[in-house]
Every structure is written in structure tokens, then in C-alpha cells.
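One structure below.
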Amino acid sequence: MNTAQKLTPPDTGASQSILKDVGLFADIADSPLAVTAIWEIMTERVFKPGSSIIDEGSPGTEMFVLIGGTASVYKNTPGGDKYKVAIFEGNKHVAFGESGLIESEVRSATVRADSECRCLVMSRQAFETLSERHPQWALPIYKRIALGVMTRLRKTNEDMLLLYNALVAEIRGR
Amino acid sequence: MQPRFKEDKFEVIRVPFVPSVLRTKKYLLKNIFITVVGFLTLAWMSSATLVYFFEKDAEGSNIKTFSDAIWWGIVTFLTVGYGDRFPVTFEGRFFAGLLMVSGVAGVGIVTAKISSIFLEQALKDGRGIVDSSQLRDHFVICGWNENMNELLTHILEFNPDLTSQDIVVIANVTPQVIETTTAEKHLSDLHFVSGDHFSEANLRRAAPERARKILILADRTPGHGGQMPTPTEIDARTIMTAMTIANIARGTLVTAEILDPKMDHYLRIANVSEIIYSSEYSRLLLGNATSGTGIANIVFDLLDSKANAHITSFNAPESTIGKSFLEFKETIEKQNPELLVIGVLENSGNSHSIKELALRRAQQTPNMAQLVANLQSVKEIRCNHPVFHPPLDYKVAEGSMAIVIAKRIRNGKNEHGSKTYAA
Chain A
1 MNTAQKLTPP DTGASQSILK DVGLFADIAD SPLAVTAIWE IMTERVFKPG SSIIDEGSPG
61 TEMFVLIGGT ASVYKNTPGG DKYKVAIFEG NKHVAFGESG LIESEVRSAT VRADSECRCL
121 VMSRQAFETL SERHPQWALP IYKRIALGVM TRLRKTNEDM LLLYNALVAE IRGR
Chain B
1 MQPRFKEDKF EVIRVPFVPS VLRTKKYLLK NIFITVVGFL TLAWMSSATL VYFFEKDAEG
61 SNIKTFSDAI WWGIVTFLTV GYGDRFPVTF EGRFFAGLLM VSGVAGVGIV TAKISSIFLE
121 QALKDGRGIV DSSQLRDHFV ICGWNENMNE LLTHILEFNP DLTSQDIVVI ANVTPQVIET
181 TTAEKHLSDL HFVSGDHFSE ANLRRAAPER ARKILILADR TPGHGGQMPT PTEIDARTIM
241 TAMTIANIAR GTLVTAEILD PKMDHYLRIA NVSEIIYSSE YSRLLLGNAT SGTGIANIVF
301 DLLDSKANAH ITSFNAPEST IGKSFLEFKE TIEKQNPELL VIGVLENSGN SHSIKELALR
361 RAQQTPNMAQ LVANLQSVKE IRCNHPVFHP PLDYKVAEGS MAIVIAKRIR NGKNEHGSKT
421 YAA
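Here the protein sequences come in this chain order: A and B. In terms of the working numbering, the first sequence opens at residue 1 and continues consecutively. In terms of the working numbering, the second sequence opens at residue 1 and continues consecutively.
Put into C-alpha cells, the structure is as follows:
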């Protein structure tokens, strides 16, 4: 199994630079107190090469930040063919699965470790405790999540329009 | 959305089986065989009973029990007549006489029926009528043309693993024509389905869903009244056949010959993977011959199975897919020294399966704009599209085959094969 452990906080500078890369925390990464508080509610988990970090279709309540190794993102077509969507690299500090912090969402893609992957994991429960204790830090995070959802919604609307036009063009026979 | 393909289903209409008394009675009367057997059994049983009744107490009689009477009955009506039991009274002899007469008549009818079943079977074999349950990986030819024997011989030459018993011909031909065709030794085991090749019932008898390949010929045979069909009529039959096959044997490779190139659109709709424009070919060759390039000879030799080398397509090894044309060509030529790669056949094979594969590929993107573009390109896909002499960095896509000029291997199977049929 993948090992989980409590994080030993590194020096504030290093953790600050990691959290700054993660869009969700960008607004509060300047405050050392906030960084420490967030760092405290995250655990580190190591994934062996080939194991899945999240699985498409199964529910999840955790958010991950990749801080070491590389992982690939796969999706399935409705017909069941798997294809690769993207590659995440550890030094970019990519965050994924953030909607798991709001509700146990059904994962929309599979993330699989290509090499040994180190991830920071934040659970919804821990995040909710943080929001109760320090709403002033949780609020900017919620705002960021909301912005992400809005961007995605806009993209979905554009896609809808695109499909709509394609369908009309197809029926018209161009 | 999952891609779904609407499949038009033809339902076979059956008369519902209602075992009503009326129907059973009608059936029994119609089937003389069952009537005769029933009558014989009745005659046997009733005579045996009557004879037993008169004989059991008679003096000097040897039919003493009912089982004696039954045994005597069957020995008598089957005209065996052992003579171990026989009636001695007048009444017994009278009924024995009746049983003998009905026995001779009845057994005659039954014997005739049985022998006619065997005779019919033998006749069917002679005319090559197919038992379609036995057919696997066979070759179906729909229609007839004037050089059928030569065509069949060529098919056997180009497919050394086929013998004439793997070929089914569906055509409107007379038993005499069938006889003349099968008279040739290498064609003696051909199967025939007599009738219109565009009729679904006839096509089904050739088991097209299990066929390796189906060839639809432009059939110029005159109709029942002796009138010649017009090219449009011929093409219409070809198209009807192709569409029927697309319905009952989706996925089978179909090649069709068409006279009017403008009609090929309909064949594409029916998923025909190869279209042969026979009159167009000769016109092109004639036109080319006037330019004095010698192209007519070149084309003839490339297609002739008896020439030293011929043009064909070659299944490229898996490892060469996705590589550049240069690598593709070098790998194949190194592994097969008798081949010269001159191009790539894109989207080879059956157009239905090519489209399926392309559709699956097209969906493998999270980007909707890309998805729409991909799906539109699937619509425009050209099946079995040859690309000659592509640039060396041309990327060989999945589903491609190599177009090669293959040297004939001496003492190989092909050489042997063509010798056998040379006569």
C-alpha cells in the first residue's frame, strides 16, 4: 500500500514556495501563519509506480498536490477506450481533485503514478476544521475553488455551443 | 453519448404454428407418406385381430395367440411370407388376402418415397446446392458473367489456399450451364445457389456472414424474356445486393463491379470496400495506349498472376505502424526480399470496421473542438485509399497496408498453382 505519514514542516520558505505554486493557496501564501496552518492539516502520501492516485468514476474527498515524481492523467471514451490526457510533473506542484474538498465528487479522470510519486493530501474533514477555526484563510481558498468552477462552467457552455453548432451543421448537411 | 448504430432488422415472417385439428387433418391428407403408413398400420392391426378371432379355436390352426397373429400380419404384408404361421379357415384366408393386396400397394408407395428422398439428395449434390451450415471462411460470388470459368480460375490462382469447394456462386443460371462449369476438374466442387443474387433469401443460403469475401459482379445475363438489361439496371441490382449484404452480413469484405462510375456513391453507402470500375479501366487503358508509353503491357503484367512479378497489398508488421514511410519501406523490404514497397494503402480492409476504428480514435480527446473536428474527419475518411510514392517522412497510420510489387518465388505454391490451371 501507499504509505501515509504526518508531515514534518520544512522551513517556512520552502513550504511557502510550494503553496504559492498551487493556485488555491496563492492568495494566502504570503502569510507565514496561514502557510503553517495549512501545512499542518496536510499529510504526505507516497504512490508506487503504476498505482492510481485517483480513479475515474469512484468518489473522492481529498485534494492532492504532486510534489515529486510524474503522473499521467487518463480518461475513458464512452465506448471504453482509455486515452492519455496530460502528464503532471512533481516540480510544477500541480493540484488536482480540489472539488473533493466541497463534496465527495465522482472523479472525472484517472491519475496514475508513472514513477514514485509524492503527494500532499488534504482531506475535506481537515479543510472543514480549518475553515471553522480560521475562516479568514479558508475564504480565499473557497473563492479560488469557486473561480475554478466558474471557469469550467464557461468552458462547458462553450463546448455546448460548439456541439450544438456541429449538430445543426450535420443535420443541415452543409 | 455512446456511439450507437441503428441496425435495420429484417424480420422473417412466419406463419404461426397453430396445431388446430383442421390444420393437422389437412397436413395428414397432404402428406401421402404419413397417410400410407397410417393405412398400413391400420390394415395390419385390423387383419391380425380378425384373423386371430377366426383362427384361435379352429382345428389345425397355428395362429393361437394374439402375438402369433401380429407376427403373421407383418410377415404377410411386407411380402416376406415365411410360412411359419398361416390361416386355415375360410374367413382367415379372406382377410389374409386383403392384407396381402394392401401390403403390396402400400409397401410399394413407401419404398418409392424413400428412394425419391435419396434421389433428390443426389440431384441436389449434382447441381451444387449448398448446405449453408457447412460453409466457413468461404468466397461468395454474386452474379454471372460470360467468362466465368476464367474468372473462377483466376480467383483460385490468386488465393492458393482456396479450392473450388470454398466458392459459392449465386446466379440465375440453368443446370446445363452449371454442368458445363463444374465439368472442369479444378471447378468440380463449386457450390451454386440458383436464383437472383439480389434476393435476401438466396443471399442467406450462401452464409454471407461467415464469408471471407463477397464479390458482386455486374451481371449482364438476359432476363426471363430474353431482353438485355441496361447498364443502369445491372448497377441497380449490384447496389441492391450490396445493401442487402450490409444488412445481413455487416463487417464482411465486399468487392463490387460497377459499370457507371456515377453510381459508386451508393456502393460506398453500403460499405463496399473495393469498387471495380471495369468499363472505366478499359477506357483508361485504351486512352493511355495511344500515348505510346507501353502502359497497357505494364498494367497487364502487374495484374497477371502468371507474370514474374505482380502488384499486391501486404499486411505490414505491427512495429512499422506510426513510423515514417522510409522506415516502413526499409523494414518490410529487409524482412521480405521478394517485395518492393511502392506506396501505402490507407484505411485498408472493410469500410465498416475502418469507420468503427476511426470513430473510436476520434473520441479519444478531452477537447470538444478537437472531438468535433475528429468526428468530421471520420466522415470524410477514404477507405482503401492508395498513396503511391509518398514523401519519405510520411507517417504510416494505423490500418494501413503496404502496396508492393512481389516477385514470384520459384517452386513456390503460386507457381505450382498456376501450372495446374494452365490447361
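Ideal placement from N, C-alpha and C gives every residue a C-beta, glycine not left out.
Looking at C-alpha atoms only, which residue of the options is the closest neighbour of residue i?
{"i": "Ala37/A", "options": "Phe47/A, Arg45/A, Leu19/A, Ser51/A", "result": "Leu19/A"}
{"i": "Leu161/A", "options": "Val372/B, Lys379/B, Tyr394/B", "result": "Val372/B"}
{"i": "Ile67/A", "options": "Val22/A, Gly79/A, Gln136/A, Val85/A", "result": "Val22/A"}
{"i": "Thr163/B", "options": "Leu375/B, Lys334/B, Ser188/B", "result": "Ser188/B"}
{"i": "Ala406/B", "options": "Ile342/B, Ile178/B, Ala246/B, Val36/B", "result": "Ile342/B"}
{"i": "Ile70/B", "options": "Val80/B, Phe33/B, Val51/B", "result": "Val51/B"}
{"i": "Met240/B", "options": "Leu217/B, Val396/B, Ile298/B, Gly251/B", "result": "Leu217/B"}
{"i": "Gly79/A", "options": "Ala402/B, Gln363/B, Gln376/B, Leu392/B", "result": "Gln363/B"}
{"i": "Trp144/B", "options": "Ala112/B, Phe198/B, Ala96/B", "result": "Phe198/B"}
{"i": "Ser61/B", "options": "Phe39/B, Phe86/B, Ala246/B, Val37/B", "result": "Phe86/B"}
{"i": "Val404/B", "options": "Pro366/B, Ser353/B, Leu345/B, Ser324/B", "result": "Leu345/B"}
{"i": "Ala105/B", "options": "Asp68/B, Cys142/B, Thr35/B, Asn149/B", "result": "Thr35/B"}
{"i": "Lys48/A", "options": "Thr129/A, Arg152/A, Asp114/A, Thr156/A", "result": "Asp114/A"}
{"i": "Val168/B", "options": "Ser194/B, Asn147/B, Glu333/B", "result": "Ser194/B"}
{"i": "Asp327/B", "options": "Pro390/B, Glu280/B, Ala249/B, Gly294/B", "result": "What sits at residue 327/B in the sequence shown is Glu, not Asp. Of the candidates Pro390/B, Glu280/B, Ala249/B, Gly294/B, the one whose C-alpha sits nearest the C-alpha of Glu327/B is Pro390/B."}
{"i": "Ile102/A", "options": "Asp30/A, Val35/A, Lys143/A, Val85/A", "result": "Lys143/A"}
{"i": "Phe33/B", "options": "Val75/B, Phe300/B, Ile109/B", "result": "Ile109/B"}
{"i": "Glu116/A", "options": "Ala29/A, Ala71/A, Trp137/A", "result": "Ala71/A"}
{"i": "Ile248/B", "options": "Ala201/B, Tyr277/B, Thr290/B, Pro386/B", "result": "Ala201/B"}
{"i": "Glu128/A", "options": "Glu105/A, Thr151/A, Gly100/A", "result": "Gly100/A"}
Residue i to residue j, Cα distance in whole Å?
{"i": "Arg154/A", "j": "Gly50/A", "result": "34 Å"}
{"i": "Thr43/A", "j": "Tyr83/A", "result": "30 Å"}
{"i": "Met1/B", "j": "Leu152/B", "result": "Because the pLDDT of Met1/B is 43, which lies under 50, any placement of that residue in the model is unreliable, and the number read from its coordinates should be weighed accordingly. In a straight line, the C-alpha of Met1/B is about 46 Å away from that of Leu152/B."}
{"i": "Leu98/B", "j": "Ile114/B", "result": "24 Å"}
{"i": "Asp8/B", "j": "Val254/B", "result": "Here the model assigns Asp8/B a pLDDT of 43, short of 50, so the residue's position is not dependable, and the following value carries that caveat. Going by the C-alpha atoms only, they are around 19 Å apart."}
{"i": "Ala256/B", "j": "Thr238/B", "result": "7 Å"}
{"i": "Ala422/B", "j": "Phe139/B", "result": "With a pLDDT of 34 at Ala422/B, under the threshold of 50, the modelled position of that residue is not reliable, and the figure given next carries that caveat. Approximately 22 Å, taken between the alpha carbons."}
{"i": "Leu120/A", "j": "Lys355/B", "result": "44 Å"}
{"i": "Val149/A", "j": "Glu380/B", "result": "37 Å"}
{"i": "Glu318/B", "j": "Met401/B", "result": "10 Å"}
{"i": "Ser17/A", "j": "Phe325/B", "result": "48 Å"}
{"i": "Leu24/A", "j": "Ile41/A", "result": "15 Å"}
{"i": "Ile245/B", "j": "Ala206/B", "result": "11 Å"}
{"i": "Val272/B", "j": "Ser353/B", "result": "11 Å"}
{"i": "Gln335/B", "j": "Ala309/B", "result": "18 Å"}
{"i": "Phe95/B", "j": "Thr79/B", "result": "15 Å"}
{"i": "Asp161/B", "j": "Leu190/B", "result": "15 Å"}
{"i": "Ala397/B", "j": "Arg133/A", "result": "58 Å"}
{"i": "Ser123/A", "j": "Val46/A", "result": "16 Å"}
{"i": "Thr221/B", "j": "Ser377/B", "result": "41 Å"}
{"i": "Ala358/B", "j": "Tyr394/B", "result": "19 Å"}
{"i": "Glu11/B", "j": "Leu203/B", "result": "In this prediction, Glu11/B has a pLDDT of 43, which is less than 50 and means its spatial position is unreliable; what the coordinates show is noted afterwards. Distance between the alpha carbons of Glu11/B and Leu203/B is about 15 Å."}
{"i": "Asn384/B", "j": "Glu184/B", "result": "35 Å"}
{"i": "Arg152/A", "j": "Ala126/A", "result": "25 Å"}
{"i": "Thr156/A", "j": "Leu163/A", "result": "10 Å"}
Give the interface partners of residue i over in chain A, defined as CB-CB distance under 9 Å, in chain order.
{"i": "Gln363/B", "result": "Thr77, Pro78, Gly79, Asp81, Tyr83"}
Hey, quick one: how far does the beta strand (DSSP E) through residue i stretch, first residue to last?
{"i": "Phe33/B", "result": "First-last for Phe33/B: 32 to 55, but that is the alpha helix (DSSP H), not the beta strand (DSSP E)."}
{"i": "Phe88/A", "result": "82 to 89"}
{"i": "Arg45/A", "result": "42 to 47"}
{"i": "Gly399/B", "result": "Element bounds for Gly399/B: n/a, residue is neither H nor E."}
{"i": "Gly68/A", "result": "62 to 68"}
{"i": "Lys213/B", "result": "213 to 216"}
{"i": "Tyr142/A", "result": "First-last for Tyr142/A: 135 to 172, but that is the alpha helix (DSSP H), not the beta strand (DSSP E)."}
{"i": "Met122/A", "result": "117 to 123"}
{"i": "Ile167/B", "result": "167 to 171"}
Can you give me the start and stop residues for the alpha helix (DSSP H) that residue i sits inside?
{"i": "Ile245/B", "result": "231 to 248"}
{"i": "Arg296/B", "result": "Checking the displayed sequence, the identity of residue 296/B turns out to be Ala instead of Arg. Unbroken alpha helix (DSSP H) run through Ala296/B: 295 to 303."}
For residue i, which residues in chain A fall below 8 Å Cβ to Cβ?
{"i": "Arg360/B", "result": "Thr77, Gly79, Asp81"}
{"i": "Val372/B", "result": "Leu162, Leu163, Ala166"}
Name the chain B residues whose beta carbon is nearer than 7 Å to that of residue i?
{"i": "Asp159/A", "result": "Met368"}
Quick check: is the beta carbon of residue i nearer than 8 Å to any beta carbon in chain C?
{"i": "Glu233/B", "result": "Here the protein chains are A and B, and chain C is not one of them."}
For the ligand SAH, is there a heavy atom less than 7 Å away from the beta-carbon of residue i?
{"i": "Ala249/B", "result": "Only the bare structure without any ligand can be found here, which leaves the ligand SAH out of the picture."}
For the segment 91 to 99 of chain B against the segment 51 to 62 of chain B, do three or more pairs of beta-carbon atoms, one drawn from each stretch, fall closer than 8 Å, so that the two count as touching? Yes, they touch.
With three or more C-beta pairs closer than 8 Å as the rule, is the segment 156 to 168 of chain B touching the segment 222 to 235 of chain B? No: fewer than three Cβ pairs fall under 8 Å.
Can we say the segment 283 to 302 of chain B touches the segment 242 to 260 of chain B, given the rule of at least three CB pairs closer than 8 Å? Segments in contact, no.
With contact counted as at least three CB pairs below 8 Å, one residue from each stretch, are the segment 207 to 226 of chain B and the segment 133 to 146 of chain B in contact? The segment 207 to 226 of chain B is in contact with the segment 133 to 146 of chain B.
Hey, is the segment 90 to 110 of chain A in contact with the segment 48 to 63 of chain A, meaning 3+ C-beta pairs nearer than 8 Å? Output reads yes: the segment 48 to 63 of chain A touches the segment 90 to 110 of chain A.
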